[in-house]
Structure formats: C-alpha cells, structure tokens
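The block underneath contains the structure these notes are about, expressed in structure tokens.
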Amino acid sequence: MKQLIKKKNIVYVIGGLGLIGKSIVKAFLQKKNRVIVFDLKKKFNSKNFKYVSLNNLDLNSLEKSLKFAFTKYGSPNILVNASYPKTSDWNTNSYKQIKAKSFSKNIELHLNSFIWISKIVADEMIKKKIQNGSIINLASIYGLLGQDPKLYKNIKNMSESLTYPVIKGGVINSCKSMAAYYGQFNIRVNCISPGGIFDNQKNEFVKRYIAKTPLNRMGDVKDLTGPVLFLASKEASYITGINLIVDGGFSII
Ligand SMILES: NC(=O)c1ccc[n+]([C@@H]2O[C@H](COP(=O)([O-])OP(=O)(O)OC[C@H]3O[C@@H](n4cnc5c(N)ncnc54)[C@H](O)[C@@H]3O)[C@@H](O)[C@H]2O)c1
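If you count by the numbering used here, then the sequence shown holds residues 1231 to 1483, one letter each, in order.
This is how it looks when you write it as structure tokens:
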C-alpha cells in the first residue's frame, strides 16, 4: 500500500474523531499528508492534525466552517466524509417507534449535510483548479440492501432503521450524479459501503451477523483504510461514481 498515496495532499476528514474516521485520519497521517479534521466537539487539540469544529445541523454554518478552513489551512484535494450525524432519539428510528419529526430531522442532518459538504468542497476544488480531486463519502451496505429485522430481534437497543437506508441510498445515488457533473473538472466522487464494523456489539448480534457473512467475521476499521487510500490516490484516477463495497461478502448472499 506504500506507493498508493503520496504525501503533500491536503486531506479533509469530516467526522475524523469517530470510530472509522480516526483510523482514516491515522492512515493519511502515516503517509505524511496534511490532515484537517472536522467534528462536533467545540475544541480538540492534536499535535498531528489541525482541528475545525463543524456542526452538520445547518448547511449555512457548515459552509462557514469549511470556508474558514479553506482560508486558514488550504483547500483540500481529498475529502473523506466519515461523519454520523444523528438526533438524540436515533435509536427510536425503527418502523415501530419512529416519529415524523425524527425521520425528517435525521434526513436533514445526515443526507443533506453529506451532499452539501461534497458540493462545497468540489466547487472549491474547481475554483483552485485542483487536479484529480477525490471525494469519498462513507455510505453503507444498507444503502443498497434491505435490513433483516431478524438480526436485531430481542437485542436491546438495536433494531432496523426506517431512516438509515433512505439516507445511505441517497448518498450512493447522488455520488453518481455528482461524479457525472464534476468529471469535467477532473474531480472524482466515490462512495465506500462498509458492512457492520465490530464495535463491541452484543454477542448474539455478532453471532447472527457472522452467520450471514461469507468471510465469517464482522469488519474492522482497518479494513476500510486501504480502500479509502486507494480511491484517494492517483492509482484510482479513472475511477469515479462507484460504490466500493467492503463487507466480507455480506451483500452477495
Ligand atoms: N460503524 C459501522 O458499522 C458502519 C457501517 C457502515 C457505514 N458506516 C458509516 O460510516 C460513517 C462513520 O461511522 P462510525 O461508526 O465511525 O460513526 P461514529 O459515530 O463512531 O463517528 C461519527 C463521527 O461523526 C461526528 N458527528 C456526529 N454528528 C456530527 C455533526 N452534526 N457534525 C459533525 N460531525 C458529527 C461524531 O462526533 C463522530 O466523531 C457513518 O457515515 C456511518 O453511517 C458505519
């Protein structure tokens, strides 16, 4: 993987303090890139990267945070969005419990912000005449598959979500139309769709999940860094509009 990504890129990672975001940040830093992390916390200090507080709550303030970063830290040639914006009642987005307000708010928070961040960054790449700009959005296998409610049955605090597949389906499809539009400016837009990543879920859930996965395990955050580095690199310079599925085969059976 050494040759995949050269140093001197300016990489923006949205949600860079999260489970997946952290390992993506680490992977880019190991390749000596300049990384700017955006996340919810008001303040965060790191000796390895610059940090910008960003709240996906409203598109105007989000735009402001990005523009601040363009001026202060330079415009990115790579964007990875690994944020997971959600309301405090996100766990009640099951078919049985969901309320209309939560449905709308989570679409606004997650889907709208993903699309808007990609657009603001792509437009900045055009403005600065950045070549081979690469935008990578974290989607999910549930942007292309239905969720099996049997996976979650009788497991506390886990259920299918009415909203999540809507969001991630939107992220995957808009990635294609963005790629079609921004291709003329040599900007690539791709998605990565992970399967379930192991994060100390209940044993029973893990057992059921593994039974549906040909590679016989849940994903690890490290499984995603190679695919991200690849899509960000020059080696992927003819790849745009794809949804790279990284799921141990979960979606093939
Ligand atoms: N973990 C998985 O199993 C899995 C599987 C498939 C897809 N994904 C996708 O990968 C992405 C990252 O998932 P994760 O598991 O690392 O999530 P996470 O919750 O661990 O991290 C998400 C990060 O986003 C930040 N964030 C939340 N709300 C925000 C807001 N309003 N504005 C800015 N930042 C905000 C959080 O502070 C956090 O640091 C998500 O888009 C998720 O849908 C995750």
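Yeah, the Cβ is synthetic: ideal placement off N, Cα and C, and Gly gets one too.
If you're wondering where the values come from, they're calculated on a predicted model, not measured in any experiment.
By a beta-carbon distance limit of 8 angstroms, G1245 does not contact S1348. Their separation comes to about 14 angstroms. Closest in C-alpha terms to G1363, from the list S1467, I1483, D1429, K1335, comes S1467. Inclusion of I1250 and L1445 in the CB contact set at 8 angstroms is not warranted, their separation being larger than that value. In the DSSP assignment, P1424 falls within the unbroken beta strand (DSSP E) covering 1417–1424. As the crow flies, the alpha-carbon of I1469 is around 36 angstroms from that of K1380. Taking 8 angstroms as the cut-off, the Cβ atoms of H1340 and I1397 count as close. Every unbroken stretch of the beta strand (DSSP E) spanning 3 or more residues and falling wholly within the stretch 1298–1334 is given here in chain order: 1308–1311. Distance check between Y1382 and each of S1324, K1238, I1472 places S1324 closest, using alpha-carbon atoms only.
Fully enclosed alpha helix (DSSP H) runs of no fewer than 4 residues occupy 1394–1412, 1433–1441, 1452–1462 of the stretch 1391–1468, in order along the chain.
Burial is judged here by how many other beta carbons sit within 10 angstroms of a residue's own beta carbon; I1235 has at least 16 and is buried.
At a Cβ-Cβ threshold of 8 angstroms, I1350 and I1422 do not count as neighbours. Using a Cβ-Cβ distance cut-off of 8 angstroms, the stretch 1413–1422 and the stretch 1319–1335 are not in contact, since fewer than three pairs of beta carbons, one from each stretch, lie closer than that value.
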